[in-house]
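Data first, discussion second: the structure below is written as structure tokens.
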Amino acid sequence: DQQVKQNSPSLSVQEGRISILNCDYTNSMFDYFLWYKKYPAEGPTFLISISSIKDKNEDGRFTVFLNKSAKHLSLHIVPSQPGDSAVYFCAASAQGAQKLVFGQGTRLTINP
Amino acid sequence: NAGVTQTPKFRVLKTGQSMTLLCAQDMNHEYMYWYRQDPGMGLRLIHYSVGEGTTAKGEVPDGYNVSRLKKQNFLLGLESAAPSQTSVYFCASRGTYSYNEQFFGPGTRLTVL
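Here is the structure:
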């Protein structure tokens, strides 16, 4: 049972445009959500997070939106840059839980 | 400050062989995790530890064992490797108050023939 789903395995965006990565979850107990970025041959690195008490969190070019009623979150990158080409993982955790549940990942490619 | 390191970076095993993957962190983190990454499957939790001397099963623990004898180290063992264990293995750690922001090592690519 995949509790966190990223239904788009890949996404291609032109440099300078907006990239939107989506993530759905099924567990209503999840209350904290994170996005990780992964380059080839490296470990994932934390990018941005959001608590369930918020519906938006912004950090520079990166914004995460949370729609609790739809159990959906999205990561917006604007403007997209070539260095943003990577695999992005969505992750979620429940209050008191000591672990994360990850989605399958979306490979983002920024074209010049 | 090296963060999270993993040894070895690459390894090829034959079916039935055993090996141990070592993870070390120098951030004094309480929590440590072992994941495997497979195409289309994302990161799946194998085992984790909430402190020295403790271990717990994750999502896919079968065929693996772990030990956390020292706070800074978390070992992942494969007693009898199988081709299905061919994967990239990542170790991660986090502090008690970082609310699940985990820091990952660079990974170990394991091939079982």
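The listed protein sequences derive, respectively, from chains A and B. Here the numbering used here is used: the first residue of the first sequence is 239, the next is one more, and so on. Here the numbering used here is used: the first residue of the second sequence is 123, the next is one more, and so on. Virtual Cβ for every residue (Gly too), placed ideally from N, Cα, C.
Asked	Found
Reference Ala146 (chain B), options B:Pro228, B:Glu201, B:Asp184 and B:Arg166, closest by Cα	B:Pro228
Assumed close pair Val172 (chain B), Glu152 (chain B) - CB separation to whole angstroms, cut-off 8 Å	6 Å
Under 8 Å by beta carbon: chain A residues contacting Met163 (chain B)	Gln342
Contact set between the region 217-232 of chain B and chain A, restricted to residues whose Cβ is under 8 Å from the partner	Tyr221, Asn222, Glu223, Gln224, Phe225, Phe226, Gly227, Pro228 and Gly229
Within 7 Å of chain B by C-beta, residues of the region 253-268 of chain A in sequence order	none
Gly175 (chain B) and Tyr186 (chain B) closer than 8 Å at C-beta	no
8 Å contact criterion, which Asp293 (chain A) and Leu304 (chain A) should meet: CB distance rounded	5 Å
For Gly343 (chain A) and Gln252 (chain A), the rounded distance between their alpha carbons	20 Å
Bounding residues of the beta strand (DSSP E) (the contiguous stretch that carries Glu181 (chain B))	Segment: none, Glu181 (chain B) is in no beta strand (DSSP E) and carries neither H nor E.
Simplified DSSP assignment, three categories, for Gln207 (chain B)	helix
Cα-Cα separation, Cys328 (chain A) to Gly138 (chain B)	35 Å
Best match in B:Arg190, B:Tyr221, B:Pro205 and B:Ser209 for proximity to Met154 (chain B) [C-alpha to C-alpha]	B:Arg190
CB of Leu167 (chain B) within 8 Å of CB of Lys337 (chain A), strictly	yes
Identity of the residues DSSP links to Asp71 (chain B) by a beta bridge	Since the first residue of chain B shown is 123 and the last is 235, residue 71 (chain B) is not available in this structure.
Per DSSP, cross-strand counterpart(s) of Leu272 (chain A)	A:Ser287 and A:Ala329
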